[in-house]
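A short write-up of the structure that comes next.
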Amino acid sequence: MVSPPLVAWMNPLPMELAPALRKRRSDLATAASGEVLDLGGWSDHLDSYQIGTDVGSVTMLDRLGDIRAGTSARDPQGLTRVDSDPEDLGELGYGPFDTIVSLIRTPLVADLNRFLKTLAGLLGQDGRLLFLEPVARAGRTGRLLAFGGRLGRAVGGLHLDWDLPADIRALGLTITDLERFEVPTVSAPFRPFVEMKVRRPLSSPESSPS
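In structure tokens, the structure reads:
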């Protein structure tokens, strides 16, 4: 029996996120097209990339201790693993990409604004960013519970209180699809999630948000 692709031994993310979000990871991979950059961390969605039809090739970040372990399935043809992580994206030397897929990577990033600017710089003019990420709760409830995210970050080295949609809009990018949901099987700071599809503005790519 093949073990499920759970968290690697050095990764602080909860193991429960693997089965809870498996279908969402697969669905986002299916939505990718063109030349794809996958920011790594998971392996159970790789067969969902439509390589050879909608997808030309996939470049996947794969640093030892970060990639999910425990699957015996071979990588699909057309997928290349790169010894890098999200913090090193500026030095990647690849791109531009038509689709960039980020699956629970923002908790590991210390400077979200810098991270998002780097992603935007790697994106082709008509490209898309696909996100599945933990996020601060919206509205008054989010402000009241923000301490939980800060506590999780302080203890586990994770950043769980980012307002990802707001930061994306602040860069002038357009969110075309946004779904907020909760993962009930994990501890409270990890429950609020967002799934988003993001692109550059169609009218003026360099314009600032109003």
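Using the numbering used here, the first residue of the sequence shown is number -12, and each one after it goes up by one.
No residue lacks a Cβ here, since even glycine has one placed at the ideal position from N, Cα and C.
Remember, predicted model here, so these are calculated numbers, not experimental data.
- Item | Stretch pair the stretch 98 to 111 + the stretch 32 to 47: three plus CB contacts closer than 8 Å | Taking 8 Å as the limit for Cβ pairs, the verdict is that the stretch 32 to 47 does not touch the stretch 98 to 111.
- Give the C-beta separation of T86 and W149 to the nearest angstrom, bearing in mind that I take them to be a contact with Cβ-Cβ under 8 Å. Incorrect: roughly 21 Å between the Cβ atoms, too far for contact.
- Task: Could you tell me whether the stretch 112 to 127 touches the stretch 169 to 184, using the rule of 3 or more Cβ pairs below 8 Å?
- Result: Contact between the stretch 112 to 127 and the stretch 169 to 184 is present, because at least three Cβ pairs lie under 8 Å.
- Of the listed residues S71, R61, T46, G27, nearest to P83 (C-alpha basis): When each option's Cα is compared against that of P83, the closest is T46.
- Under the three-state reduction of DSSP, which class applies to L66: helix, strand or coil? If DSSP states are grouped into helix, strand and coil, L66 belongs with the strands.
- Closest to V122 by CA distance: which of D154, P188, S30 is it? Residue D154 is the option with its Cα nearest to V122.
- Message: Quick check: what's the CA-CA separation for R50 versus D70?
- Response: D70 has its alpha-carbon roughly 5 Å from the corresponding atom of R50.
- Message: For A157, count the other beta carbons within 10 Å of its own beta carbon; 16 or more makes it buried, fewer makes it exposed. Which is it?
- Response: Under this definition A157 is an exposed residue.
- Query: With distances taken from CA atoms, which of D113, A175, D75 is nearest D98?
  - Reply: Looking from the CA of D98, the closest CA among D113, A175, D75 belongs to D75.
- Does the beta-carbon of G65 have 16 or more other beta-carbons within 10 angstroms, so that it is buried, or is it exposed? Around the beta carbon of G65, a 10 Å sphere encloses fewer than 16 other beta carbons of the protein chains shown; the residue is thus reported as exposed.
- Message: Report the CB separation of P73 from V88 in whole angstroms; it is logged as a contact under 8 Å.
- Response: Not a contact, Cβ separation roughly 12 Å.
- Would you list the residues sitting across from I155 in a DSSP beta bridge? Answer is none; I155 lacks a bridge partner.
- Item | Element boundaries [beta strand (DSSP E), containing D164] | For D164, the enclosing beta strand (DSSP E) stretches over residues 161 to 169.
- Query: Between A7 and the rest of its own chain, which residues show a CB-CB distance below 6 Å, the 5 nearest in sequence each way excluded?
  - Reply: A distance below 6 Å between beta-carbons, with the five flanking residues on each side excluded, links A7 to the following residues of its chain, in chain order: V170, T172.
- Item | As assigned by DSSP and simplified to three states, the class of G136 | With a pLDDT of 47 at G136, under the threshold of 50, the modelled position of this residue cannot be trusted, and the question is left open.
- Return the bridge partner residues of V173 from the DSSP annotation. DSSP links V173 through a beta bridge to no other residue.
- Under a three-way DSSP split, which group does E22 fall into? In this structure, E22 counts as strand in the three-state DSSP scheme.
- Identify, in the order they occur along the chain, each residue of the same chain with its Cβ nearer than 7 Å to the Cβ of G136, setting aside the five sequence neighbours on each side. Its pLDDT being 47, under 50, G136 is placed unreliably by the model, and nothing is read from it.
- Given S35 as reference, the closest of A16, A125, L24 once Cα atoms are compared: Closest by alpha carbon: A16.
- Item | CB-CB length for R187 against Q112, believed under 8 Å | At roughly 7 Å, the Cβ-Cβ gap stays under 8 Å, so R187 and Q112 are in contact.
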